[in-house]
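Step one of this worksheet: look at the structure below.
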């Protein structure tokens, strides 16, 4: 029984030590807790070899931090808990291909958009008669069921809309010549083209207004101007363009 | 552990020590061996993508083991405090312990983990604002601490019931005899009741450990990079659900089979010391 009580005491002490170690030591460079959900390539994922976070959003946030002069402490968590954590100020910021919506604005603040996630038209490489959304009248258009892309496709006069369970099925059908065009999110489209560069291309401009932004806990609103200034600078010096080319492939 | 010194064992009792090996070959060990062999074949012989998955999730395995062991150590303490509370004659303490067990047992572990990681810190921050305490205002939860706290409180409730049942299985006369010898309540508990109860509760305690090991996968929901979370991350970069969950399932299986064997060995040793 002696041994048993020694173990008990050891456990108790361990419990105390654990409960005592609360973080938040101020360092010279302000540490900013940034949440993400590293299961959404090519925006955020874990590198297989280095096991570090990587992807478009991760590199962008690191660049923003460098410009704005703070230090990033990454927290990798699921998407829903991440949004809940931002609303509860468990994290200072979040970046994870988060679309800026009015609903979300009620519980968190957003930076300026850093990438337009609106809809864009994709066609086969050899297609010449479609150079944008306005040429789609009477064409066969594919889209993912239930997405903004499908809604936009329905709006086009005389077009025949085919819906699919996922983007890649629509793109596959397009590549096989079953349909004339696909309407899908810009970043998703670029990511698909990055891995399948041979047969497809995007045409025209992004034509709806949906944007990805950095989300902020409402109490950390003082960070927003710094981050916005950094995003502006990174757009101007071409860093964001380079990141798009690196992670999402060019047009 | 059943008696404080070996000298107290009655020398006239027949002993089976030495005649029987605690480590016995049986079907359980064969299962451990077979599962480990399967893992080794997948990683070393079949290789890609199993070796890639294995390397990727390895540090998640470390986290899972660490979280499970630390939690279990704490659970053993919480359980005994809870059980003494359940059995005490002091009504408020007994009520408190009962309330704890009933409330915690009735709420899913996942919900509890979410509570400790998301809701609890926001309560602390709100109180900090109210009382104007700077350190509480900026309270930020450490995912590991909160995950371990959540698991400990949940499993502490189950362990409370295990201990309670064990202690109650010892005849009342034992306590009465000890008390009439002049022992205090706690002395009687420590030297007479608990040593006997431990033998009774060992199998269910082992069972709790194995369940805890598996349920620790839920901490992946609160930002802890455990085995399960690592698997999710690998699936995001390379969608290979079959390979990934086969690998992770096998790793959990080996750990649980191994723990079951260790518990069986401890049980065998305990039963000999009788």
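Protein chains in written order, with the numbering used here: chain A, 1252 to 1502; chain B, 4 to 277. For each residue, glycine too, the CB sits at the ideal point set by N, CA and C.
Since residue i contacts residue j with CB under 8 angstroms, what's their CB separation in whole angstroms?
{"i": "residue 1421 of chain A", "j": "residue 1389 of chain A", "result": "With a Cβ gap of about 19 angstroms, residue 1421 of chain A and residue 1389 of chain A do not count as contacting."}
{"i": "residue 1338 of chain A", "j": "residue 1358 of chain A", "result": "4 angstroms"}
{"i": "residue 150 of chain B", "j": "residue 116 of chain B", "result": "6 angstroms"}
{"i": "residue 240 of chain B", "j": "residue 1299 of chain A", "result": "6 angstroms"}
{"i": "residue 1352 of chain A", "j": "residue 1399 of chain A", "result": "The pair is not a contact, with the Cβ atoms about 12 angstroms apart (cut-off 8 angstroms)."}
{"i": "residue 1425 of chain A", "j": "residue 1433 of chain A", "result": "5 angstroms"}
{"i": "residue 181 of chain B", "j": "residue 31 of chain B", "result": "Their Cβ separation, rounded to whole angstroms, is 37 angstroms, which puts residue 181 of chain B and residue 31 of chain B out of contact at 8 angstroms."}
{"i": "residue 147 of chain B", "j": "residue 78 of chain B", "result": "Actually they are not in contact, since the Cβ atoms of residue 147 of chain B and residue 78 of chain B sit about 16 angstroms apart, beyond 8 angstroms."}
{"i": "residue 1455 of chain A", "j": "residue 1383 of chain A", "result": "3 angstroms"}
{"i": "residue 1308 of chain A", "j": "residue 1290 of chain A", "result": "Not quite, the Cβ-Cβ distance comes to about 12 angstroms (not below 8 angstroms), so this is no contact."}
{"i": "residue 170 of chain B", "j": "residue 90 of chain B", "result": "6 angstroms"}
What are the boundary residues of the alpha helix (DSSP H) that includes residue i?
{"i": "residue 1418 of chain A", "result": "1418-1426"}
{"i": "residue 1295 of chain A", "result": "From DSSP, residue 1295 of chain A is part of no alpha helix (DSSP H); its letter is neither H nor E."}
{"i": "residue 1354 of chain A", "result": "1353-1356"}
{"i": "residue 231 of chain B", "result": "230-240"}
{"i": "residue 132 of chain B", "result": "123-134"}
{"i": "residue 189 of chain B", "result": "188-191"}
{"i": "residue 141 of chain B", "result": "It is not in any alpha helix (DSSP H) - residue 141 of chain B carries neither H nor E in the DSSP assignment."}
{"i": "residue 202 of chain B", "result": "197-218"}
{"i": "residue 32 of chain B", "result": "30-43"}
{"i": "residue 1334 of chain A", "result": "1330-1338"}
{"i": "residue 1460 of chain A", "result": "Segment: none, residue 1460 of chain A is in no alpha helix (DSSP H) and carries neither H nor E."}
{"i": "residue 1311 of chain A", "result": "1307-1319"}
{"i": "residue 165 of chain B", "result": "146-171"}
{"i": "residue 1 of chain B", "result": "Because chain B is modelled from 4 through 277, residue 1 of chain B falls outside the range shown and cannot be assessed."}
{"i": "residue 184 of chain B", "result": "That residue, residue 184 of chain B, is in no alpha helix (DSSP H); it is neither H nor E in DSSP."}
{"i": "residue 194 of chain B", "result": "From DSSP, residue 194 of chain B is part of no alpha helix (DSSP H); its letter is neither H nor E."}
{"i": "residue 95 of chain B", "result": "94-108"}
{"i": "residue 91 of chain B", "result": "Note, residue 91 of chain B: premise wrong, no alpha helix (DSSP H); not H, not E."}
By DSSP's criteria, residue i is part of a beta bridge. Which residues make up the other side?
{"i": "residue 1371 of chain A", "result": "A:1435"}
{"i": "residue 1505 of chain A", "result": "Absent from the model: residue 1505 of chain A. The displayed extent of chain A is 1252 to 1502, so no value can be given."}
{"i": "residue 59 of chain B", "result": "Answer by DSSP bridge pairing: none, since residue 59 of chain B is not bridged."}
{"i": "residue 1503 of chain A", "result": "In the structure as shown, chain A begins at 1252 and stops at 1502. Residue 1503 of chain A is therefore absent and cannot be evaluated."}
{"i": "residue 243 of chain B", "result": "Per DSSP, none; premise fails for residue 243 of chain B."}
{"i": "residue 1485 of chain A", "result": "None, per the DSSP bridge assignment."}
{"i": "residue 1291 of chain A", "result": "A:1295"}
{"i": "residue 256 of chain B", "result": "Looking at the DSSP assignment, residue 256 of chain B forms no beta bridge with any residue, so it has no partner."}
{"i": "residue 1350 of chain A", "result": "A:1463"}
{"i": "residue 1304 of chain A", "result": "A:1297"}
{"i": "residue 83 of chain B", "result": "Residue 83 of chain B is not bridged to any residue."}
{"i": "residue 251 of chain B", "result": "Note: residue 251 of chain B sits in no beta bridge, so no partner."}
{"i": "residue 1366 of chain A", "result": "A:1463"}
Hey, quick one: how far does the beta strand (DSSP E) through residue i stretch, first residue to last?
{"i": "residue 1394 of chain A", "result": "1391-1395"}
{"i": "residue 1326 of chain A", "result": "1322-1327"}
{"i": "residue 1411 of chain A", "result": "1411-1415"}
{"i": "residue 1452 of chain A", "result": "1451-1454"}
Going by beta carbon distance, what residues of the same chain come within less than 6 angstroms of residue i, once the five residues before and after it are set aside?
{"i": "residue 1371 of chain A", "result": "1437, 1440, 1453, 1457"}
{"i": "residue 1442 of chain A", "result": "1293, 1499"}
{"i": "residue 1277 of chain A", "result": "With a pLDDT of 46 at residue 1277 of chain A, under the threshold of 50, the modelled position of that residue is not reliable, and no figure is offered here."}
{"i": "residue 1355 of chain A", "result": "none"}
Looking only at its chain, what residues have a beta carbon closer than 8 angstroms to the beta carbon of residue i, apart from the 5 residues adjacent to it on each side?
{"i": "residue 254 of chain B", "result": "42, 60, 64, 230"}
{"i": "residue 142 of chain B", "result": "124, 127, 128, 131"}
{"i": "residue 257 of chain B", "result": "35, 38, 39, 42"}
{"i": "residue 1470 of chain A", "result": "1340"}
Apart from the five residues just before and just after residue i, which ones in its own chain have a Cβ nearer than 7 angstroms to its Cβ?
{"i": "residue 1446 of chain A", "result": "none"}
{"i": "residue 1489 of chain A", "result": "none"}
{"i": "residue 1507 of chain A", "result": "As displayed, chain A neither begins before 1252 nor continues past 1502, which places residue 1507 of chain A out of reach and without an answer."}
{"i": "residue 54 of chain B", "result": "46"}
{"i": "residue 217 of chain B", "result": "255, 259"}
{"i": "residue 211 of chain B", "result": "158, 161, 162, 165"}
{"i": "residue 243 of chain B", "result": "52"}
{"i": "residue 1486 of chain A", "result": "none"}
{"i": "residue 1274 of chain A", "result": "For residue 1274 of chain A, the predicted model reports a pLDDT of 47, less than 50, meaning its position is unreliable; a value from the coordinates is still stated below. Once the five neighbours on either side are set aside, residue 1274 of chain A has no close Cβ partner at all."}
{"i": "residue 191 of chain B", "result": "178, 181, 182"}
Please indicate yes or no: does the CB of residue i lie closer than 8 angstroms to some heavy atom of the ligand NAP?
{"i": "residue 1386 of chain A", "result": "Looking for the ligand NAP in the displayed structure turns up nothing, as the structure carries no ligands at all."}
Just checking: is the beta-carbon of residue i within a distance shorter than 9 angstroms of some beta-carbon in chain C?
{"i": "residue 1289 of chain A", "result": "Among the protein chains of the structure shown, namely A and B, there is no chain C."}
(request) Could you please tell me which residues of the stretch 140-159 of chain B, in chain order, have their CB closer than 9 angstroms to any CB of chain A? (result) 141, 142, 143, 144, 145, 146, 147, 148, 151, 152, 155
(message) Short of 8 angstroms Cβ to Cβ, which residues in the stretch 1329-1361 of chain A face chain B?
(response) 1329, 1332, 1335, 1336, 1339, 1340, 1341
(request) Check each residue of the stretch 46-59 of chain B: if its Cβ is closer than 9 angstroms to any Cβ of chain A, include it; give the result in chain order. (result) 55, 58, 59
(request) Determine which residues of the stretch 232-266 of chain B have a Cβ less than 9 angstroms from any Cβ of chain A, and write them out in chain order. (result) 232, 233, 235, 236, 237, 238, 239, 240, 241
(message) Please list, in chain order, the residues of the stretch 213-229 of chain B that have any C-beta partner in chain A closer than 8 angstroms.
(response) 224, 225, 226, 228
(request) Could you run through the stretch 123-138 of chain B and flag, in chain order, every residue whose CB is less than 9 angstroms away from some CB of chain A? (result) 124, 125, 128, 138
(request) Check each residue of the stretch 107-124 of chain B: if its Cβ is closer than 9 angstroms to any Cβ of chain A, include it; give the result in chain order. (result) 117, 120, 121, 122, 124
(request) Taking a Cβ distance cut-off of 9 angstroms, strictly less, list which residues of the stretch 1414-1437 of chain A are near chain B, in chain order. (result) none
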